[in-house]
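In our numbering, the protein residues as written are 3 to 146.
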């Protein structure tokens, strides 16, 4: 497993590589980063040309990370074998979206995160935060 990140994770059994190496060597690329001014179109036409032929893209993070028109071109040409998308550049995605017309794309309606485990963890955090609020303690994962 390869990863590309601003921060090192030496306690993990994964290998940190550059973005170029990640793109060139990965059979599957799964995006897990926020959309910011710096990450918008992180996967653009240039990045897609660097990807391993036949690779698969998974995006469950943010739609703006991927240049959708470049992705559609790569999927239509066969440069990429397929994509799994839970997020889109424009949401809600409309029926005339080019990505929805492709047979090598699997889409979900922005619910890929929703599993029994994540639901249980989310509820546990909510209950813990309610307890913390009542006790006057700092909240977990507080957003200012």
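Every residue gets a Cβ at the ideal spot worked out from N, C-alpha and C, and that includes glycine.
Residue 134 by DSSP, collapsed to three states: which one?
helix
Given a cut-off of 7 Å, decide if residue 35 and residue 63 are closer than it, judged by their beta-carbon atoms.
yes
Quick one: using the 10 Å Cβ neighbour count with 16 as the cut-off for buried, is residue 67 buried or exposed?
buried
Label residue 122 either buried or exposed according to how many other C-beta atoms from any shown protein chain fall within 10 Å of its C-beta, with 16 as the threshold for buried.
exposed
Would you mind working out which of 45, 119 and 144 sits nearest residue 32, comparing C-alpha positions?
45
Using only CA atoms, which one of 87, 131 and 126 lies nearest to residue 111?
87
Residue range of the alpha helix (DSSP H) that includes residue 74:
70 to 79
So, is residue 9 buried or exposed, given that buried needs 16 or more other C-beta atoms within 10 angstroms?
exposed
Are at least three pairs of beta-carbons, each pair with one atom in the region 129 to 137 and one in the region 96 to 115, less than 8 Å apart?
no
Excluding five sequence neighbours on each side, which residues of the same chain lie with their C-beta closer than 6 Å to the C-beta of residue 42?
66
With a CB to CB cut of under 7 Å and the five nearest residues on each side skipped, what residues in its chain are close to residue 37?
64, 66 and 67
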